[in-house]
Amino acid sequence: MEVKTSLLDNMIGVGDMVLLEPLSEDSFLENLKKRFDHNEIYTYIGSVVISMNPYRSLPIYSPEKVEEYRNRNFYELSPHIYALADEAYRSLRDQDKDQCILITGESGSGKTEASKLVMSYVAAVCGKGQEVNKVKEQLLQSNPVLEAFGNAKTVRNDNSSRFGKYMDIEFDFKGDPLGGVISNYLLEKSRVVKQPRGERNFHIFYQLLSGASDDTLKKLKLDRDFSKYNYLSLDSAVVNGLDDATSFRTVKNAMQIVGFMEDEIQSVLELVAAVLKLGNIEFKPESRCNDTDESRVRDKNDLKEMCELLGIEQTVLERAFSYRTVEAKLEKVSTTLNVAQAYYARDALAKNLYSRLFSWLVTRINESIKAQTKSRHKVMGVLDIYGFEIFEDNSFEQFIINYCNEKLQQIFIELTLREEQEEYIREGIEWTNIEYFNNAVICDLIENNQNGIMAMLDEECLRPGTVTDETFLDKLNTVCAEHQHFESRLSKNSKFLNDHSLPHSCFRIQHYAGKVLYCVEGFVDKNNDLLYRDLSQAMFKATHSLIKELFPEGNPSKVNLKRPPTAGSQFKSSVGTLMKNLQTKNPNYIRCIKPNDKKAAHIFTASLVCHQVRYLGLMENVRVRRAGYAFRQPYGPCLERYKMLCKRTWPHWRGPAREGVEVLMADLQVPTEEFSYGRSKIFIRNPRTLFFLEERRRQCLQDLATLIQKIYRGWKCRTHFLLLKKSQVVVAAWYRRYAQQKKYQRIKSATTVVQSYARGWQARKLLRELKHQKRCEEAVTTIAAYWHGTQVRREYRKFFRANAGKKIYNFTIQRIMQKYFLGVKSGLPSMSPVDKNWPARPYRFLDAAHAQLRSIFHLWRCKKYRSQFSEERKAVYQEKLEASELFKDKKSLYPSSVSQPFKGDYLEISKNPKYQKLNSCVEEKVLLADVVNKINRANGKGASRILLLTKKNVVLADQKTGQVKASVALPDLISVSVSTQNDGFFALKLKEGSASAVKGDFLLSSEHLIETITKLHHIGSTASDDGGEQLDINISDEFLVQFKQDKVCVKFIQAAPKNGNSASCKRKNNRLLEVSVPAATA
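Counting with our numbering, you get residues 1 to 1082 for the letters of the sequence shown.
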């Protein structure tokens, strides 16, 4: 039977903050701390998941954990991010509801990791298949690419996302992923040119310099030293726990998996290198005749290398850094840039180049991971966006980030209330309005098209004349002074005039999460985000494949004099689109909290967590959820959990679950105002009621456990007693059987002894009688034999002569010899000459005859064996015998040649058409044709040659062409020298003064050395029988050879094998040629 579990089982603290009693900020923090100290990093607020960053690995994300939460009710197990991911996925798959998962929190709270966990869970539980797995892998591998280009090390987080990301994952009707679409929001491009102390630039710059190969860096004109680049901060260039080199390889691999081509990856790296080079460009002032300063590039080397990378003419880009062209209708005005303006232009170009590259990467990834089918898709959106930010110095970036969070909080409250209202209506519960803080007034203060802060900022940026941050603040003081959520030093409300905590160049907005002080310095410039048209046009002229695509506005044929939209208006439009998208989906929330600023495990800083709880609006969330009914549960699980509290429902309720719950609540006398009955759920208003039920259940479970223990112990004792009783009966039976067996064995043994004694006496008596009878018969037989012998001898004595003994002896010997020969005949061995078996001799006096017969039989057997040989086979055996006489026990190579037959013509020269020309040059019969290596007299290196041996000549020919290189008459050959070792080298020594000895002796190497020398010696022996000279065979590890005018000593040494197991030859000097022979293995 399946065991039913619940969120309420074995709770550490309170797993759902809605059930927290009493509800206060202190109890809220205390509950989070208690769970965090016990490694419970997830807590619910209804269907919202609070995630605490543990800053260490926990064993709660294994494949087993995925299976544990798969297809389980949201409140069935302890809080986990997998429960929310599973709930969202099942709602999308089974109920056809589009989902979105909103992940918020400040930098370092674990938002990126949370989004990865959600995506990995969905990837694990959805379908399998080659195409599905490819899509899942591409979706997952898009993260490393975006993290490398969009994340950076900050003081709060070593892998902080410096952009907002929203991914729509598209599924088919079965719930299998088809693709996805990624949207990015507000990349922090100012980080490209400047980083705060203790932080560093985007990861990709450090990964490229650390992980790229030397060849790649050379092509990109880069150096590994971080200190050579002005845009890279040095105080935090190396981060503990981050391996930039390994990460670079991971990013390249991820780009390939996502679908980037090699040339696209190279183009991206070239643009990254160009940004680094751009930061090294410095300017110097140069005075002009009209007393104005003009900027000039100080050192043009970095400018040159950057232009080479991007394919831009150096003069065009250099002029764009020195001049600015302003167009108005048909009029163009060119003005010079001073040094400060040139640096501004350089940084603006760097920021725009990197920002547009990042947007191109997102677009390119979308092209690869988008769904290929046109049918309707189910969608799950995952939003990983920056949380509410309150720093010591808050600028334009924090302003629009907090605006985005205000919009998210607004939609969060609206969707939460809508979800609550829909559930109440669905269950038939009366809906009562819930009082809550509506932050729409703050959103209106920021985004109102008439007098909102962003509208006034855009108006100030577009206004002609002198525009500064101060004029923008003056306008705010004029328009927003009466707004209850706006404060400034010069506000018309006099209560702020003495507020010295508010500087003159700042204004303060009271957000839903608290008051934030903004410094207006840089608001106008950052909102303008201007890039001079000259730089855009210079970029468009580049030959680089990617640059033209990134700067389309630089096309001279499509000049647009309209001012580009401001950064604020673009972001406002993007947020509006995002909000519309989120409102069409069912929301799921993950609120991420970081427990401390030290990025260390086991540390819980209450003040920091309290600050995050406030600006995430978690207390407000709990109050909204508790404004109606704090807890709700379907009737079935509720009855299953609490049925033991009522005798009528325990142990089994046979009727409908709702009636069982009604009986249960009536029996427990719970006040009717504390709960309501819905169509499928019971709604409990106050957590105290739920805890009352839990306490009664706990006490009842203890009583039930005691009862079960009592019944079990009684059953166990009775069972034990019955077992002992049964065992005693069995033991007694076995003992009685054993005793009777022993008694029977004793009686049987005694009977056997008596019987044996009686039978022994009878047997001995019979034996004595038989022995007596036998002795009598033997005595009679002996007497008769002696008597008959006496009678015969007396009868035949007259017939015997004096030599009768000799005849008897000869007759006996003759019979023995006859028997011996017949035995030898029947026991003759086989006719094989190698069979050494021979019958044993029966008598010692036959030793000589026995050995003689064995020798005669062996000779006769060998003669019969030889008579079967053909002439060719006789010749082969003759050569084998001759080889044995020449080399046995003299050369190490000989034993391995014994089993190899002498083939002679290894090249089949008469049949092979390749050697037809060479065959026609030789008039006589070829006795040996083989490939040998001729050793070069100068350096000891070998060259392949064909060796032909006839009865009169030794011919050497080129192996490739078949051309005869040398022909030596056999009479000119006086001796052959070989070593004693396991090599194939031999020297042909020629007669001095002969025509063949002009270049000296020949040093050759052959794989068939034994056969070659044997055939030479055999031909030489035949020639000596006809009156010629005998060919000498010299076997020695040192011998002299004549090379032209020099006599060279050839020396054989044993050495470790170098080129396989073959011998190698090397010319040491003019007098020594050394041959290294590998040592023979056993």
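Quick reminder that beta carbons are idealized off the backbone N, C-alpha and C, glycines included.
As the structure is a computational prediction, the values presented were derived from the model and not from experiment.
Rounded separation between residue i and residue j - CA only
| i | j | result |
| --- | --- | --- |
| Val1075 | Asn912 | 34 Å |
| Asn448 | Ser107 | 29 Å |
| Phe887 | Gly962 | 32 Å |
| Ser267 | Gly452 | 42 Å |
| Glu553 | Ser57 | 48 Å |
| Tyr229 | Thr325 | 30 Å |
| Thr468 | Gly381 | 40 Å |
| Asn253 | Phe260 | 10 Å |
| Ala1056 | Asn982 | 13 Å |
| Arg156 | Glu199 | 9 Å |
| Phe692 | Gly514 | 37 Å |
| Leu893 | Leu918 | 31 Å |
| Leu1016 | Glu923 | 18 Å |
| Gln372 | Asn133 | 15 Å |
| Leu723 | Arg736 | 20 Å |
| Leu546 | Ala601 | 44 Å |
| Cys480 | Tyr61 | 50 Å |
Coil, strand or helix - residue i by DSSP
| i | result |
| --- | --- |
| Gln1030 | coil |
| Tyr323 | strand |
| Lys541 | coil |
| Val382 | strand |
| Leu19 | helix |
| Ala957 | strand |
| Gln728 | helix |
| Thr672 | helix |
| Leu690 | helix |
| His788 | helix |
| Phe507 | strand |
| Val520 | coil |
| Val754 | helix |
| Asn394 | strand |
Residue range of the unbroken alpha helix (DSSP H) whose run includes residue i
| i | result |
| --- | --- |
| Ser355 | Val339 to Ile369 |
| Asn143 | Gln130 to Gly150 |
| Glu293 | The question names Glu, yet the displayed sequence has Asp at residue 293. Segment Asp293 to Val297 is the beta strand (DSSP E) holding Asp293; no alpha helix (DSSP H) there. |
| Glu286 | It is not in any alpha helix (DSSP H) - Glu286 instead sits in the beta strand (DSSP E) that spans Phe283 to Ser287. |
| His850 | Asp847 to Arg866 |
| Pro637 | Tyr635 to Tyr642 |
Residue closest to residue i, alpha-carbon to alpha-carbon, out of the options
| i | options | result |
| --- | --- | --- |
| Gly26 | Gln256, Ala606 and Val382 | Looking at the sequence itself, residue 26 is Asp, so the reference to Gly does not match. Checking every option, the nearest Cα to that of Asp26 belongs to Ala606. |
| Pro833 | Lys863, Lys807, Met817 and Phe811 | Lys863 |
| Pro634 | Lys228, Glu188 and Ile682 | Ile682 |
| Leu383 | Ile101, Glu662, Gly660 and Thr790 | Ile101 |
| Tyr354 | Tyr231, Asn253 and Gln256 | Tyr231 |
| Tyr906 | Leu948, Leu881, His788 and Ser896 | Leu948 |
| Ser1021 | Tyr877, Ser78, Gly660 and Pro971 | Pro971 |
| Lys521 | Gln537, Ala513, His504 and Leu531 | Inspection of the sequence shows that residue 521 is occupied by Glu rather than by Lys. Nearest option by C-alpha distance: His504. |
| Ser899 | His1008, Glu923 and Val754 | His1008 |
| Ala1086 | Gln409, Ile813, Leu309 and Gly428 | With the chain covering 1 to 1082 only, the question about residue 1086 has no answer from this structure. |
| Ala83 | Thr373, Val122, Glu694 and Leu693 | Val122 |
| Arg841 | Met831, Tyr820 and Phe857 | Tyr820 |
| Lys221 | Met306, Arg793 and Lys1015 | Met306 |
| Tyr518 | Glu397, Arg426, Lys300 and Gly568 | Glu397 |
| Glu1029 | Ser1006, Ala997 and Leu990 | Leu990 |
Endpoints, the beta strand (DSSP E) within which residue i is located
| i | result |
| --- | --- |
| Gly179 | Pro177 to Tyr185 |
| Ser488 | Phe486 to Ser488 |
| Gln99 | Gln99 to Thr104 |
| Ala1056 | Premise fails: Ala1056 is in no beta strand (DSSP E) and is neither H nor E. |
Item checked: Segments of 4+ residues assigned as alpha helix (DSSP H) that fall wholly inside the segment 564–627 -> Qualifying alpha helix (DSSP H) stretches, in chain order: 567–583, 606–615 and 618–626.
Next item on the list: Please list the segments of the alpha helix (DSSP H) lying wholly inside the segment 964–1043, counting only runs of 4 or more residues, in order along the chain.
Entry: Those alpha helix (DSSP H) runs which fall completely within the segment 964–1043 and span 4+ residues are 1009–1025.
Note to self: Ignoring anything shorter than 4 residues, give me the alpha helix (DSSP H) runs that lie fully in the segment 793–831, in order along the chain.
What the structure shows: The segment 793–831 contains these whole alpha helix (DSSP H) runs: 804–826.
Margin query: Report the start-end ranges of each alpha helix (DSSP H) in the segment 198–260 that is 4 residues or longer and not cut off at the edges.
Written below: The qualifying runs are 203–211, 214–219 and 244–258.
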